[in-house]
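Everything below concerns the one structure shown next.
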Amino acid sequence: MKKWQTYLILVFIMLIWGFNVPALKVLVSEFTPVTITSLRILTAGITVFIILGIMGKIRKPTAKEFLFIISGGLLNVVSHHYFLSVGLTGTSSTNGGLILGTGPLLTALMATIILRNRPTVIKILGFLSGSVGVTIIVLSGGEGLGGLKTGDLFIFISIFSQALSFIIISRAAKTLDPRLLTGYMMVFGSIVLFAISLVTEPGALKEVGSATGSIWFLFFASAILATAVGHMIYNHTIGKIGAAETSIFLNLNTFFSLVGAAIFLNETVTFYHLIGLVFIVLGVVCGSGTLEEIVIRRKQKRFLKEKQSHQM
Numbered sequence: 000m001k002k003w004q005t006y007l008i009l010v011f012i013m014l015i016w017g018f019n020v021p022a023l024k025v026l027v028s029e030f031t032p033v034t035i036t037s038l039r040i041l042t043a044g045i046t047v048f049i050i051l052g053i054m055g056k057i058r059k060p061t062a063k064e065f066l067f068i069i070s071g072g073l074l075n076v077v078s079h080h081y082f083l084s085v086g087l088t089g090t091s092s093t094n095g096g097l098i099l100g101t102g103p104l105l106t107a108l109m110a111t112i113i114l115r116n117r118p119t120v121i122k123i124l125g126f127l128s129g130s131v132g133v134t135i136i137v138l139s140g141g142e143g144l145g146g147l148k149t150g151d152l153f154i155f156i157s158i159f160s161q162a163l164s165f166i167i168i169s170r171a172a173k174t175l176d177p178r179l180l181t182g183y184m185m186v187f188g189s190i191v192l193f194a195i196s197l198v199t200e201p202g203a204l205k206e207v208g209s210a211t212g213s214i215w216f217l218f219f220a221s222a223i224l225a226t227a228v229g230h231m232i233y234n235h236t237i238g239k240i241g242a243a244e245t246s247i248f249l250n251l252n253t254f255f256s257l258v259g260a261a262i263f264l265n266e267t268v269t270f271y272h273l274i275g276l277v278f279i280v281l282g283v284v285c286g287s288g289t290l291e292e293i294v295i296r297r298k299q300k301r302f303l304k305e306k307q308s309h310q311m
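Residue numbers (numbering that gives the first Met the number 0): 0 to 311.
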């Protein structure tokens, strides 16, 4: 596959992920949030195993890998999706999408703290820029600190949990295929989420059967396309074109979530949202190390060209 074709696929995945935020907003509004989220993640996990089964990529994990599955599942699936589903019931899809856009920035920050990678000046500026962007968004209601919604806080906890899980996943991926790891985490995490829903949302399963056909279409599209296929393709692409180049496309996720909220939910995208988006995109590009790696690669290419010209 040519590089430009890979880029087009990534843009399509970001489109799906961006539009998935307003889709989740609809689902958690129609159903009890934790119950429907557990069923959606379980559907995604089963889909991943079906695809990997056809590819012949399924194997039993080792004891060490099983620990990674448990810890990664608790963070990446249980905590992330629990707070995301509950948080979306208490804030707008627009705010949710923009706060989720800080994922790469938080991942870089976690790597700096946990792996003790000393941040550069550019990364520090990226962290500050992303923080400014999130602050502008969540306080854009004009009510000062009192305007901060509980839903915004829950969504931040959600993306923080996911960012922390990426550190665990990166270590587990040294011996376990990231796509297979994703499938195990989804199935394990969905079972834990369902157990939580039985306590926090008793009797919720009775309401599931009353949904319309269009809602179920949205459910399966979110589970199969956005959650299962989307994550598999994205993780596979990292190995093909590199983490830095791939992470650039995550910025489009935030943009498409804004577009999706405006089109499907008729939410208003304000001037403050756009300003916050600019700060977040700048923060992600700088804080994730993408800008630095691009500069280094350009210097290396320029050095090789000069070296070749001198040899000629």
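Note that the Cβ used here is the ideal one computed from N, Cα and C, for glycine as well. A quick note: this is a predicted structure, and the numbers were derived from the prediction, not measured.
Work out the CA separation of residue j and residue i for me, nearest whole Å.
i    : j    : result
G156 : L97  : Looking at the sequence provided, one finds Ile at residue 156 rather than Gly. Their Cα atoms are separated by approximately 14 Å.
A194 : G286 : 37 Å
I154 : H80  : 9 Å
I214 : S196 : 20 Å
R39  : L290 : 36 Å
G52  : I45  : 10 Å
G143 : I136 : Any reading at G143 must be qualified, since the residue scores a pLDDT of 46, below 50, and its modelled position is unreliable; no value is offered.
R115 : K300 : 29 Å
T253 : K304 : 37 Å
E292 : Y6   : 18 Å
A261 : V268 : 7 Å
K56  : T134 : 43 Å
V277 : L99  : 14 Å
Y183 : H230 : 13 Å
S92  : H309 : 56 Å
K306 : A110 : 35 Å
V186 : R297 : 42 Å
G208 : G125 : 46 Å
F216 : A22  : 11 Å
F302 : I295 : 10 Å
V33  : L87  : 11 Å
G129 : D151 : 15 Å
S37  : G188 : 8 Å
S256 : I113 : 30 Å
R170 : G71  : 11 Å
Between the options, which lies nearest to residue i when the distance is taken from Cα to Cα?
i    : options                : result
K205 : F153, N75, G52, T31    : T31
V77  : I293, G202, I274, T181 : T181
F48  : Q307, L83, R178, T134  : R178
I168 : H309, N19, I69         : I69
L281 : K122, L83, G95, G55    : K122
L73  : S308, T236, L192, I113 : L192
A172 : I295, L66, F263        : L66
F248 : N265, V283, V120       : V283
I190 : I35, D151, L26, S256   : I35
L251 : D176, L9, Q4           : L9
V131 : L273, M185, I279       : I279
V25  : L152, A210, G275, F302 : A210
Q4   : V258, T236, G275       : T236
D176 : H272, G212, I232, T119 : I232
V20  : V85, K148, V120        : V85
Y271 : R170, R117, T149, N94  : N94
T42  : F263, N234, G71, A220  : A220
G275 : F263, L127, K1         : L127
May I ask whether a heavy atom of the ligand MN can be found less than 8 Å away from the beta carbon of residue i?
i    : result
R178 : Looking at this structure, you won't find the ligand MN or any other ligand, since it has none at all.
Q | Stretch pair the region 160-173 + the region 92-109: three plus CB contacts closer than 8 Å | A | In short, these stretches touch, since the Cβ pair count reaches three.
**Q.** Sufficient close CB pairs (3 or more, under 8 Å) joining the region 200-219 to the region 58-75
**A.** Of all C-beta pairs linking the region 200-219 to the region 58-75, fewer than three are shorter than 8 Å, placing the two stretches out of contact.
Q: Evaluate the contact criterion for the region 223-236 versus the region 7-18: three or more CB pairs, one atom per stretch, below 8 Å.
A: Short answer: they touch.
(Q) Which complete alpha helix (DSSP H) runs does the region 129-198 hold, if anything under 4 residues is left out? (A) DSSP runs (the alpha helix (DSSP H)) wholly in the region 129-198: 149-171.
Q: Write down every uninterrupted run of the alpha helix (DSSP H) in the region 96-120 whose length is 4 residues or greater and which is fully enclosed by it, in chain order.
A: Within the region 96-120, the complete alpha helix (DSSP H) segments at least 4 residues long are 102-113, listed from N- to C-terminus.
Q: Write down every uninterrupted run of the alpha helix (DSSP H) in the region 202-230 whose length is 4 residues or greater and which is fully enclosed by it, in chain order.
A: Qualifying alpha helix (DSSP H) stretches, in chain order: 204-207, 212-219.
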